[in-house]
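Keeping their order, the protein sequence lines are chains A, B, C and D.
Per this note's numbering, the very first residue in the first sequence carries number 300; after that it's consecutive.
Per this note's numbering, the very first residue in the second sequence carries number 300; after that it's consecutive.
Per this note's numbering, the very first residue in the third sequence carries number 300; after that it's consecutive.
Per this note's numbering, the very first residue in the fourth sequence carries number 300; after that it's consecutive.
Cβ coordinates follow ideal geometry from the N, Cα and C atoms, glycine included.
This one's a predicted model, so the numbers in the text were calculated from it and none came from an experiment.
Number of protein chains: 4
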Amino acid sequence: MRRKLPVAVLGATGMVGARFISLLSSHPWFELKAVAASERSRGQRLREAVRWLPPEGLPEEVLELEVRSPKPRELEEAEIVFSALPSEVAGSIEEEFAGEGFAVFSNASSHRMDEDVPILNPEVNADHASMVEVQRKRRKWEGFIVTNPNCTAAVLTLSLKPIQEEFGIRRVIVSTMQALSGAGYPGVSSLDILDNVIPYIRGEEEKVERETLKMMGAPFKPASFKISASCHRVPTLDGHLEAVFVELERQAKPSEVAEAMASFEGEPQRLKLPTAPKPPIVVRGEEDRPQPRLDRMEGRGMAVVVGRVREDRSLGGVKYLVLGHNTIRGAAGCSVLNAELFAALKLL
Amino acid sequence: MRRKLPVAVLGATGMVGARFISLLSSHPWFELKAVAASERSRGQRLREAVRWLPPEGLPEEVLELEVRSPKPRELEEAEIVFSALPSEVAGSIEEEFAGEGFAVFSNASSHRMDEDVPILNPEVNADHASMVEVQRKRRKWEGFIVTNPNCTAAVLTLSLKPIQEEFGIRRVIVSTMQALSGAGYPGVSSLDILDNVIPYIRGEEEKVERETLKMMGAPFKPASFKISASCHRVPTLDGHLEAVFVELERQAKPSEVAEAMASFEGEPQRLKLPTAPKPPIVVRGEEDRPQPRLDRMEGRGMAVVVGRVREDRSLGGVKYLVLGHNTIRGAAGCSVLNAELFAALKLL
Amino acid sequence: MRRKLPVAVLGATGMVGARFISLLSSHPWFELKAVAASERSRGQRLREAVRWLPPEGLPEEVLELEVRSPKPRELEEAEIVFSALPSEVAGSIEEEFAGEGFAVFSNASSHRMDEDVPILNPEVNADHASMVEVQRKRRKWEGFIVTNPNCTAAVLTLSLKPIQEEFGIRRVIVSTMQALSGAGYPGVSSLDILDNVIPYIRGEEEKVERETLKMMGAPFKPASFKISASCHRVPTLDGHLEAVFVELERQAKPSEVAEAMASFEGEPQRLKLPTAPKPPIVVRGEEDRPQPRLDRMEGRGMAVVVGRVREDRSLGGVKYLVLGHNTIRGAAGCSVLNAELFAALKLL
Amino acid sequence: MRRKLPVAVLGATGMVGARFISLLSSHPWFELKAVAASERSRGQRLREAVRWLPPEGLPEEVLELEVRSPKPRELEEAEIVFSALPSEVAGSIEEEFAGEGFAVFSNASSHRMDEDVPILNPEVNADHASMVEVQRKRRKWEGFIVTNPNCTAAVLTLSLKPIQEEFGIRRVIVSTMQALSGAGYPGVSSLDILDNVIPYIRGEEEKVERETLKMMGAPFKPASFKISASCHRVPTLDGHLEAVFVELERQAKPSEVAEAMASFEGEPQRLKLPTAPKPPIVVRGEEDRPQPRLDRMEGRGMAVVVGRVREDRSLGGVKYLVLGHNTIRGAAGCSVLNAELFAALKLL
């Protein structure tokens with residue numbers, strides 16, 4: 300790639316915003332030009348305005364950036380915007396950017412279920428990238444919006460993809476143990492979660508069910524398998540752990556399913572995208588893995604880790620555990636990978 | 300009840316042993332006469348030997364008891380023994396006591412799957428009490444062995460019983476978030492579980508699956524529905540939380556299922572047994588309950604708390620959360636209730 | 300006491316407010332008539348408005364109370380108000396109530412360092428109650444304001460009182476490990492404190508130092524010993540643990556100091572006030588106590604627990620650990636005890 | 300350095316052993332030749348025998364090493380042994396190795412207080428290295444024993460050194476919040492520490508007090524300032540946090556003390572030893588640092604982080620917080636640095 304593509308981050312002061320900045324500040328294809336956030340932070344240095352920093356910190360020069368408003372004319376030097384805006388405000392702001400010709404890669408849920416907006420998890424449904432053509436025509440936009448999935452669905456679908464391809468899926472049941480960072484910062488009160496589990500995350504189960512079917516079907520045609528999710532918050536910092544039960548279309552041994560996962564490669568691996576984990580699915584043989592603290596940074600947070608693939612006698616299929624980093628693979632990292640896919644496919 | 304029945308506790312120095320002692324030390328029908336444990340503790344005061352105390356402490360006079368060996372002739376003044384022995388040694392010791400005429404109520408897993416030993420969770424299968432007649436004949440014992448179920452199965456089956464009775468069950472999938480006390484004391488290292496989940500508990504899934512079917516069938520005839528469990532350890536002190544997905548034989552609305560649970564009563568409630576919780580199943584309407592820290596002591600740890608009863612579109616049935624105290628309802632409390640049932644039914 | 304005194308709680312929807320309500324809703328001398336909070340909650344049932352509930356819950360009839368504004372004319376049926384208002388607003392509101400003739404017992408820090416307002420921890424400085432006479436004259440108030448100390452200072456001063464009385468104090472150094480509830484609800488983000496300690500609590504060290512001297516001196520004449528505090532937040536739910544190093548005026552063995560603490564009684568014990576713990580200081584002999592989870596509810600949260608009283612070779616004195624429940628002894632419980640003292644002394 | 304020095308690790312299967320291996324397996328001066336542990340592990344691959352792995356894992360080839368017995372003739376290819384043996388057995392084994400000519404760098408406490416054995420924290424007391432000459436003569440050993448300090452003392456003394464040099468120290472009081480890994484693996488039961496603090500660590504306070512004086516004095520002549528420690532275990536994984544109160548010999552402003560710490564360099568920095576952190580003391584200006592989770596890996600776990608340097612009005616000096624990684628700077632890393640010092644000074 301000759302010149303780096305200029306990019307900006309919307310919603311830069313929150314947790315997913317900080318993850319975007321960290322991934323973009325030393326990116327081989329993209330150059331971070333500007334950061335934007337709500338009016339409250341406008342005019343401050345990012346250093347003052349940022350509410351959370353990743354463990355590795357952020358580069359000094361980025362911390363010196365002035366926070367701008369999330370308006371197209373304030374971010375004219377960028378061609379791509381990554382959106383970590385809260386879903387209450389993301390909808391119209393992202394449309395405005397797309398209308399002005401920006402490529403918008405968004406973590407917000409606002410547009411995910413719009414019929415012509417792809418939810419893109421590129422190992423799973425790179426072919427959905429083509430949906431933006433329809434989107435542009437219908438909406439008469441120069442730019443476009445591509446979303447990454449809900450964090451839980453991102454991890455789940457990546458683990459399901461090789462199963463769907465090789466054995467077919469009839470039914471999926473997923474029960475989650477989700478990390479605190481999924482609620483953003485400050486998010487969950489320590490008084491609520493210490494020595495406790497909160498067995499409810501607003502809107503999460505519906506998102507997991509609907510987004511999974513949309514991603515795992517063809518463009519504009521959701522998959523038709525059955526799916527049910529039960530979502531729960533546990534006291535871990537990062538890494539969503541999911542217990543998955545799958546009814547297969549075609550009988551298979553657990554070892555065959557594990558092998559299909561371990562050898563799986565998606566479009567990002569074939570295109571050697573910079574942020575693509577190799578392999579995207581790490582299958583571990585120990586009886587007590589994956590564990591959030593030990594496995595969440597696998598593939599720099601972009602891989603998912605699968606373990607305990609075993610027979611499910613209830614559904615006639617398999618059950619397993621899968622873990623992925625919810626704010627990297629399940630949020631910022633996925634949108635960065637989406638942008639890389641678009642760049643590699645010359646869709647920008 | 301005229302005189303109190305004399306009882307002893309085997310395995311008195313561990314966590315479940317301490318729970319037994321706490322429940323028995325002010326019991327209206329039973330009188331704690333002696334405590335026993337492994338040779339290592341023999342001759343010590345319980346005060347010195349006990350490794351864990353319940354939050355409420357134990358009575359001074361009990362702490363002064365001398366720890367004896369778990370041998371029938373050392374515990375002759377007892378008629379009933381409650382066993383919290385580790386399963387590695389419980390098998391033959393319990394048989395010896397039963398052979399010598401003691402009524403043995405055990406938390407150990409050693410004999411649970413013996414064909415003629417009931418796993419008794421008395422709201423669920425009080426009718427299995429009759430199995431001890433067969434057991435005595437076959438084994439030519441004066442006494443008998445009755446076990447309580449695995450902690451996870453105890454909580455699960457209590458919640459399933461009214462569903463089975465009113466709607467029938469075809470299939471059950473359960474994904475657990477189990478407390479640290481389930482591993483005993485000292486049990487799980489803090490270095491393993493802080494900021495983490497361990498997605499494996501040795502032998503647990505098999506126990507949950509087999510014991511549930513044995514309890515929910517007729518005596519000597521396990522239930523035939525399908526069941527699959529995935530068991531996980533989370534950083535909570537007490538209280539196993541379980542996400543349950545149920546395929547029903549007969550269609551029902553979630554509200555009907557919730558109502559069946561809320562109005563359920565079992566034999567312990569009908570017989571007004573002293574340790575019986577009223578109601579045995581507490582159904583909460585909040586969207587974020589049950590929670591381990593808030594709900595585990597419901598019914599003094601003997602009730603289970605159900606929440607989020609909702610439609611399951613994958614299985615055609617319902618999904619819900621259930622929580623119960625693993626060392627009370629799921630261990631010592633259940634065996635005490637079993638002994639009360641035997642006393643009330645004049646089976647002692 | 301003939302009739303119960305009518306009382307109201309200001310700031311009823313937060314954590315300390317809920318503790319006040321819990322203590323007052325079955326009080327032998329006081330009758331809870333009304334609850335008030337900020338405009339945001341006005342007109343709601345307490346059930347809807349309350350942000351946090353104590354583990355024991357609150358009575359149904361109290362949860363049905365309508366939340367009023369914290370204005371004297373809206374709470375006319377009360378004679379005493381207990382204030383859990385945030386310190387940003389407590390100052391003028393409490394003055395208004397005192398001016399209108401209410402006895403105000405406040406947990407807010409706003410007036411604590413006013414010269415004529417007592418900080419009252421009644422085992423420590425019951426004689427400071429007389430300061431309200433000066434206060435009333437100076438301010439021409441019908442009513443008055445009495446504050447309870449900062450939570451850390453409340454625990455510390457109770458443990459220091461018998462040492463001061465029997466041996467004299469030259470110097471105190473205290474290093475704290477404070478519970479999450481000290482920051483209110485929602486307070487500390489779980490993302491900040493899991494697997495972590497935050498070695499800073501805004502304003503806390505100054506409060507501990509100044510309030511301790513004010514309480515441990517004569518009315519209007521602070522004590523003159525030297526004191527230094529270092530305050531830190533740890534991941535515990537309730538119970539402030541403090542490592543205390545004391546230089547004595549008169550040499551004493553650790554066992555003498557421990558004995559002075561264990562046999563200590565204050566005015567609340569002599570007057571047999573309903574909320575007074577007996578004894579106020581529990582001295583434990585184990586080498587690893589006090590522990591927050593095990594000891595915080597000692598004396599229904601009103602006692603402090605001391606352990607590890609040992610020689611301090613650096614200062615020439617003793618060092619020890621002390622623990623107290625920060626929202627009971629260190630907040631609501633202390634103000635309720637203060638009101639009981641005023642009632643018993645006929646100062647209301 | 301021409302050839303790498305051949306080294307072995309004793310006590311290789313525990314937590315500090317694993318830290319030793321991690322630091323040594325890619326070391327520029329040392330080459331790990333062998334690992335040894337107790338008889339129980341003998342003959343196993345390290346992979347099977349190791350009880351704990353660092354987050355970064357260990358190299359495959361090291362995991363394939365066969366565990367040997369901790370006997371000189373089984374480790375003949377090594378010249379240096381690093382000892383992470385438990386103190387119950389370390390004493391005589393380390394003497395045997397020293398007698399056979401090995402340079403022993405030990406984390407065990409067994410020999411620390413032997414008059415002729417240096418406790419070496421090389422930024423603090425590099426000059427104590429010379430004590431081994433006396434040791435060899437007295438004991439007629441070819442080799443020698445050098446110990447690293449107790450983890451808490453290692454962190455404390457590094458922070459105190461520049462204060463001692465520039466302002467003089469009269470008195471030190473330290474109150475600690477120590478991480479779980481300080482107790483080794485499995486160490487502290489999760490049931491003891493969740494939602495809790497344990498205000499006692501066996502032998503720790505005595506070690507901190509004695510070792511600090513030994514290190515901060517001249518060889519064979521302990522320092523004479525007064526010191527008192529209170530040691531407590533908190534629920535953090537790694538990183539000991541210490542609240543330190545210091546009475547100075549010569550008055551100084553907190554800013555001067557902070558500057559002395561920030562600009563401090565020791566012998567390891569001057570000699571540019573491979574494991575030496577630069578700077579050894581990181582002084583942070585934020586009001587809420589250092590924090591264990593955020594700061595423990597500073598300088599790859601070899602630096603200490605200081606914050607909140609402020610006036611102490613009680614002692615007439617300063618108080619501050621210091622944090623260091625207890626199993627790196629406070630254990631394995633310190634002994635590796637000690638060996639580097641000996642290599643650089645041609646003392647091997």
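(request) Would you mind reading off the limits of the beta strand (DSSP E) that contains Gly606 (chain C)? (result) Val603 to Asp611
(message) So, at 6 Å on beta carbons, what are the nonlocal neighbours of Phe381 (chain B) in its own chain, with the 5 sequence-adjacent residues on each side left out?
(response) Val308, Phe319, Phe404 and Ser634
(message) Helix, strand or coil, according to DSSP, for His539 (chain D) in the structure here?
(response) strand
(message) Measuring alpha carbon to alpha carbon, tell me which residue in B:Glu422, B:Ile468, B:Arg501 and B:Asn420 is nearest Asp587 (chain A).
(response) B:Arg501
(request) Could you have a look at Pro567 (chain B) and say whether DSSP puts it in helix, strand or coil? (result) Three-state DSSP puts Pro567 (chain B) in a helix.
(request) Reducing DSSP to helix, strand and coil, say where Gly629 (chain D) ends up. (result) helix
(message) Please identify the residue among B:Glu558, B:Glu610, B:Pro567 and B:Glu365 whose C-alpha is closest to the C-alpha of Ala428 (chain B).
(response) B:Pro567
(request) Could you round the C-beta distance between Ala522 (chain D) and Glu508 (chain D) to whole angstroms and report it? I think they count as a contact, below 8 Å. (result) With a Cβ gap of about 11 Å, Ala522 (chain D) and Glu508 (chain D) do not count as contacting.
(request) Please check if any C-beta of chain C sits within less than 9 Å of the C-beta of Asp494 (chain B). (result) Yes, because at least one Cβ of chain C sits closer than 9 Å to the Cβ of Asp494 (chain B).
(message) In whole angstroms, give me the CA-to-CA distance for Pro417 (chain C) and Glu510 (chain C).
(response) If you draw a straight line from the Cα of Pro417 (chain C) to the Cα of Glu510 (chain C), it is about 10 Å long.
(message) Tell me the rounded alpha-carbon separation between Asn449 (chain B) and Asn625 (chain B).
(response) 9 Å
(message) So for Phe443 (chain D), helix, strand or coil by DSSP?
(response) strand
(message) Is there a C-beta anywhere in chain C that falls below 9 Å from the one on Leu593 (chain B)?
(response) yes
(message) Assess contact between the segment 586-605 of chain D and the segment 439-446 of chain D, defined as three or more Cβ pairs (one per stretch) separated by less than 8 Å. Is contact present?
(response) Of all C-beta pairs linking the segment 586-605 of chain D to the segment 439-446 of chain D, fewer than three are shorter than 8 Å, placing the two stretches out of contact.
(request) Please report how far the alpha carbon of Gly356 (chain A) lies from the alpha carbon of Lys436 (chain C), in whole angstroms. (result) 58 Å
(message) What does the alpha-carbon distance come out to for the pair Ala551 (chain A) and Tyr619 (chain A)?
(response) 14 Å
(request) Mind checking which residues open and close the alpha helix (DSSP H) that includes Ile492 (chain A)? (result) Ser489 to Ile492
(request) Please go through the same chain and pick out, in chain order, the residues whose beta-carbon is closer than 6 Å to the beta-carbon of Pro305 (chain D), but skip the five residues on each side of it. (result) Here the set comprises Glu330, Lys332, Glu376, Ala377 and Glu378.
(request) Look at the Cβ atom of Glu546 (chain D), then the Cβ atom of Arg609 (chain D), and state whether they are nearer than 9 Å. (result) no
(request) Report the rounded CA-to-CA distance for Glu464 (chain C) versus Gly516 (chain C), giving the unit in angstroms. (result) 11 Å
(message) Please identify the residue among B:Ser562, B:Val543, B:Val454 and B:Ala311 whose C-alpha is closest to the C-alpha of Ile468 (chain B).
(response) Minimum Cα distance to Ile468 (chain B) is reached at B:Val543.
(request) Rounded to whole angstroms, what's the CA-CA distance from Ala559 (chain D) to Pro421 (chain D)? Just pull it up for me. (result) 18 Å
(message) Between Tyr619 (chain A) and chain C, is any beta-carbon pair separated by less than 9 Å?
(response) Not closer than 9 Å to any Cβ of chain C, the Cβ of Tyr619 (chain A) fails to qualify, so no.
(message) At the 9 Å Cβ level, is Pro553 (chain B) part of the contact set with chain C, yes or no?
(response) Not a single CB atom of chain C sits nearer than 9 Å to the CB of Pro553 (chain B).
(message) For Val416 (chain B), list the residues DSSP reports as bridge partners.
(response) Bridge partners of Val416 (chain B): none, in fact.
(request) Can you check DSSP and say which residues form a bridge with Pro305 (chain B)? (result) B:Glu330
(message) What residue range does the beta strand (DSSP E) around Ile500 (chain B) cover?
(response) Segment: none, Ile500 (chain B) is in no beta strand (DSSP E) and carries neither H nor E.
(message) Can you pull out the residues from the segment 465-487 of chain C whose beta carbon lies closer than 8 Å to at least one beta carbon of chain A?
(response) Leu479, Ser480, Tyr484, Pro485, Gly486 and Val487
(request) Report yes or no: do the segment 310-317 of chain D and the segment 474-482 of chain C share at least 3 C-beta pairs separated by less than 8 Å? (result) Touching, no, given that fewer than three Cβ pairs across the two stretches are closer than 8 Å.
(message) Quick check on Arg506 (chain C): buried or exposed, where buried means 16 or more other Cβ atoms within 10 Å of its Cβ?
(response) In the sequence as displayed, the identity of residue 506 (chain C) is Lys instead of Arg. When all chains shown are included, Lys506 (chain C) counts as buried.
(request) Please report the residue range of the beta strand (DSSP E) in which Val496 (chain B) lies. (result) No beta strand (DSSP E) holds Val496 (chain B); DSSP gives it neither H nor E.
(request) Tell whether a beta-carbon distance below 9 Å holds between Glu541 (chain A) and Leu614 (chain A). (result) no
(message) So, under 8 Å CB-CB, Leu455 (chain C) and Val473 (chain C) are touching, yes? Tell me the CB distance rounded to an integer number of Å.
(response) Rounded, the Cβ-Cβ distance is 6 Å, consistent with contact.
(message) Below 8 Å on the Cβ atoms is my contact criterion, and I expect Val349 (chain D) with Leu457 (chain D) to pass it. Report the Cβ-Cβ distance as a whole number of Å.
(response) Actually they are not in contact, since the Cβ atoms of Val349 (chain D) and Leu457 (chain D) sit about 29 Å apart, beyond 8 Å.
(request) Leaving out five residues on either side along the sequence, give the residues of the same chain with a beta carbon under 7 Å from the beta carbon of Ala389 (chain C). (result) In chain order, Ser382, Ser405, Ala407 and Ser409 place their CB closer than 7 Å to the CB of Ala389 (chain C), counting only its own chain and leaving out the 5 sequence neighbours on each side.
(message) Could you give the first and the last residue of the continuous beta strand (DSSP E) run that contains Thr475 (chain D)?
(response) Ile468 to Met476
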